[in-house]
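The block underneath contains the structure these notes are about, expressed in structure tokens.
2 protein chains.
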Amino acid sequence: MLYSFIKHTQNHSIAGVVFFYLSGDFLLRKVISVKKGGEILKPGKLHLISTGTQKSEQLADMIESIHPEIDFIHLREKTKTAKEIYEMVELLINTGVPPSKIIINDRADVACVTNVRGVHLAFHSLPVELVKQTFKNLTVGCSVHSLEEAQIAEQQGADYVIFGHIYSTQSKPGLIPQGLAQLSFISQSISIPVIAVGGIKPANSADVIGAGAQGIAVMSGILGAKNPLKAVQQYRSYLSKQYDV
Amino acid sequence: MLYSFIKHTQNHSIAGVVFFYLSGDFLLRKVISVKKGGEILKPGKLHLISTGTQKSEQLADMIESIHPEIDFIHLREKTKTAKEIYEMVELLINTGVPPSKIIINDRADVACVTNVRGVHLAFHSLPVELVKQTFKNLTVGCSVHSLEEAQIAEQQGADYVIFGHIYSTQSKPGLIPQGLAQLSFISQSISIPVIAVGGIKPANSADVIGAGAQGIAVMSGILGAKNPLKAVQQYRSYLSKQYDV
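Quick mapping for you: the protein sequence lines, in order, are chains A and B. Just add 16 to the spot in the first sequence (first one is 1) and you have the numbering used here. Just add 16 to the spot in the second sequence (first one is 1) and you have the numbering used here.
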């Protein structure tokens, strides 16, 4: 019922943030900004993040069959040079991936010269505010790990944040996960989309969206799966279920 | 006599490339393009390249006293993050270094957000052509090690090349230096400025300019000197002598 209404308002491009008091716990629940930057945003986005360990050809082979089911592909290639990331982007585009789906970590310059969707910034990257001001065509996202960081990112003009890690994950050993309650708190506290990351399996994708995330970001859950296409379809299936709540 | 003529033509902003047949060997000798991008170019430029091993504060302290004597400061900080290079640039500017003197290695995005002079590209960087097309306000240079690379850089629109290494240097152990003859050959073969790098001491600066380089690039010769200011003054002294040939 709730999601039927959200979908309805989206279809009519009503801009803004709509608040609902859910029955039961009266949790103040925010629905994602319906229109942002001229584009309709729908809940349940699936972001794929590259592992940084695969060769370009290997990654392109995997992505060729799954990209139609994925909303955004983040190239998080910390050890690759600008030239290598540029060549990886060219390969993905030649494989059929729309540039509008590609987001490059850290390197705004590579994102600009390849005309892809955007750049994703981390704590070691350039300030969000300057990147937004300088590269006006780029969607600019930012990794955050607390309410304070999320609020700063929003104030600086970030288009979205990636928040995590939500569940225990091998890539963050020994670190206490943020959990759904903190995800819900962050999502309610800022008005830009929150993408949840970290240990998200297909079966708990719907819970994550239910807690207020606009989407989920997955790395090994897809690229480390025996059958990446099947994994993507499972994520999609659970993300779609959320619409029927 | 020759240099008096060059200086004279520069003072009158005559654009283009002037050729001379020198007496003796009738070597076709090229004088640097007099006007390029609206700026008068003079032979004998002194480029300083950071070592990549110094902390920002340490580098800023050294540069504070010497930058008035230096034409360009290249930040070649391969292991530093975008944020760290950005903060280094901010520190240098706050120290009094004009942004128009600062060139950043590899990271065109950092150069753009800090509004500095340009970006210097290496073999592992983005293609010169794309960087020139995308970031029109940046001066774009390129490291080259052969005639072929120099010609490609020129064709792709590079504003200058850095060519080397000219003499034996500790930073290129075991590699045969290019030497003055090859520098002269490269300088005659392309019409953009050639900056010579590698093992250049104050006493041979004039020879390097005499071989056709528009300037020299120095790293340890200044930043590794016991007295960097004295070293800069020595380079300047020998570079000035060249004008009196």
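For each residue, glycine too, the CB sits at the ideal point set by N, CA and C.
- From the beta-carbon of ALA174(B), no residue of chain A is found nearer than 8 Å; the closest lies around 15 Å away.
- Chain A has no Cβ within less than 8 Å of the Cβ of HIS90(B).
- The C-beta of HIS140(A) comes closer than 8 Å to at least one C-beta of chain B.
- Spatial neighbours of HIS161(B) in its own chain (CB-CB distance under 8 Å, excluding positions within 5 residues in sequence) are listed in chain order as PHE179, GLY180 and GLN194.
- It is roughly 16 Å from the alpha-carbon of ILE89(A) to the alpha-carbon of CYS128(A).
- Residue pairing for HIS90(B): DSSP places it in a beta bridge opposite ILE65(B) and ILE119(B).
- Here ILE192(B) is exposed. Its C-beta has fewer than 16 other C-beta atoms within 10 Å.
- By DSSP's assignment, TYR176(B) forms a beta bridge with GLY157(B).
- Interface with chain A (8 Å Cβ-Cβ cutoff): ALA98(B) is included.
- According to the DSSP assignment, LEU142(A) belongs to no beta strand (DSSP E), since it is labelled neither H nor E.
- Taking the Cα of ALA98(B) as reference, the smallest distance to any Cα among LYS148(B), LEU137(B), ILE120(B) and VAL213(B) is reached at ILE120(B).
- Among the residues facing chain B, ARG133(A) is not included, as its CB has no counterpart in that chain under 8 Å away.
- For ASP122(A), the residues of chain B that pass the 7 Å Cβ criterion are ALA98, in the order they occur in the chain.
- Going by DSSP, LEU199(A) is part of the alpha helix (DSSP H) stretching over 195 to 205.
- Per the C-alpha coordinates, the member of LEU62(A), ILE211(A), GLY226(A) and ILE216(A) positioned closest to THR185(A) is ILE216(A).
- Residue environment analysis places PHE151(A) among the buried positions, since at least 16 neighbouring C-beta atoms fall within 10 angstroms of its C-beta.
- Under the DSSP assignment, ALA241(B) falls outside any beta strand (DSSP E); it carries neither an H nor an E label.
- Residue contact check for VAL147(B) against chain A: a CB pair falls below 8 Å.
- Here DSSP, grouped into helix, strand and coil, assigns HIS136(B) to strand.
- Three or more Cβ pairs drawn from the segment 129 to 140 of chain B and the segment 141 to 156 of chain A lie within less than 8 Å of each other, which places the two stretches in contact.
- According to the DSSP assignment, GLY226(A) belongs to the alpha helix (DSSP H) that extends over 218 to 226.
- Of the residues assessed, ALA174(B) falls on the buried side of the cut-off, its CB having 16 or more other CB atoms within 10 angstroms.
- Taking GLN230(A) as reference, the option from TYR183(A), TYR251(A) and TYR176(A) with the minimal CA-CA separation is TYR176(A).
- Membership of VAL113(B) in any alpha helix (DSSP H) is not indicated, and neither H nor E is assigned to it by DSSP.
- Put simply, of ASP77(B), ARG123(B) and LEU108(B) the residue whose alpha carbon is nearest the alpha carbon of GLU93(B) is ARG123(B).
- Non-local beta-carbon contacts of ILE232(B) in its own chain, meaning distances under 6 Å to residues more than five positions away in sequence, involve ALA212, ILE216, SER221 and VAL224 in chain order.
- A straight line joining the alpha-carbon of ILE202(A) with that of PRO115(A) spans about 30 Å.
- Here VAL234(B) is bridged, per DSSP, to LEU64(B).
- Judged by DSSP in its simplified three-state form, ILE208(A) adopts coil rather than helix or strand.
- Residue range 163 to 171 is occupied by the alpha helix (DSSP H) that includes GLN171(A).
- At a cut-off of 8 Å between beta-carbon atoms, CYS158(B) makes no contact with chain A.
- Not flagged as an interface residue toward chain A: VAL177(B), since no C-beta distance is shorter than 8 Å.
- With respect to ILE182(A), GLY214(A) sits close: the two C-beta atoms are nearer than 8 Å.
- Apart from the 5 residues on each side of it in sequence, VAL248(B) sits with its Cβ closer than 7 Å to the Cβ of ILE82, GLU85, ILE86 and ILE238 in its chain, given in chain order.
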